[in-house]
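**Q** Under mature numbering (1 follows the signal peptide of the UniProt record, and there is no 0), the residues of the sequence shown are numbered -18 to -1, 1 to 150, in order.
All residues carry an ideal CB built from backbone N, CA and C; glycine is no exception.
No experiment lies behind these values; they were computed from the predicted model shown.
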Amino acid sequence: MRFILCGIIALFSLNSYAAECTASVPDDFSKVGQTRLSVYFWDVYDATLYSPSGKYKQDERQALLLAYLRDIKAKDLIETTEEEWQKLELNSDKHEQWLEKLDSIWPDIKEGDCLLLVEKKDGTAEFYQGDKLLGEIEDKDFTEQFLAIWLSENSRFESERNELIGEK
């Protein structure tokens, strides 16, 4: 009986966690796809992509939810963002400025935390943790380059990208 009760409690906790993570996904967005990123034998995060149509279209607004499966320091997230831009050969004289802004808004991540990027109607980005707005980067180029880490055809995680955009 205790095992069943623990299972029910875990199920409700998981549903509550999922609801908290998606609290800031715009109401008119639908899920496009999702994937899990694992590096070697470590599960890093579950990623879910949303859009108004529920399909991946480059010219449509996106929301990207990352639900973390391990603790990660904000500085490590920022360094990884920079490395991924370099691997994709995305160049901008604004990278340093954007990375400094991310440093001011991203918290250290604990297992179970989520970060959500929502592309606003003007193409700029807002970051949320649950229903809390962490900050904005008011530059369309940032949004495009940040999402390219996961959505570019040149993403180094090809199979995960395909799951994320709904191509299985």
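Counting only the same chain and skipping the five closest in sequence on each side, list residues whose C-beta sits under 6 Å from that of D95.
**A** Here the set comprises Y50.
**Q** Looking only at C-alpha atoms, which of F23, I119 and I131 sits nearest to D85?
**A** Closest by alpha carbon: I119.
**Q** Give me the residue from Q16, W80 and Y110 with the minimum Cα distance to E2.
**A** Measuring from the Cα of E2, the nearest candidate turns out to be Y110.
**Q** Given K150, which residues of its chain have a CB within under 6 Å of its CB, disregarding the five upstream and five downstream residues?
**A** Around K150: no qualifying Cβ.
**Q** Can you list, in chain order, the residues of its chain whose CB lies under 8 Å from that of E145, leaving out five sequence neighbours each side?
**A** G15, Q16 and T17, listed in sequence order.
**Q** Could you give the first and the last residue of the continuous alpha helix (DSSP H) run that contains W67?
**A** Where W67 is concerned, the enclosing alpha helix (DSSP H) stretches over A56 to K69.
**Q** Counting Cβ pairs, one atom from each stretch, are 3 or more of them under 8 Å apart for the segment 126 to 133 and the segment 57 to 67?
**A** Touching, per the Cβ criterion.
**Q** Relative to the C-alpha of D10, which residue among P89, G148, L116 and Q44 is closest?
**A** Among P89, G148, L116 and Q44, the Cα nearest to that of D10 is on Q44.
**Q** Write down every uninterrupted run of the beta strand (DSSP E) in the segment 74 to 122 whose length is 3 residues or greater and which is fully enclosed by it, in chain order.
**A** Segments of the beta strand (DSSP E) lying fully in the segment 74 to 122: 96 to 101, 107 to 111 and 114 to 119.
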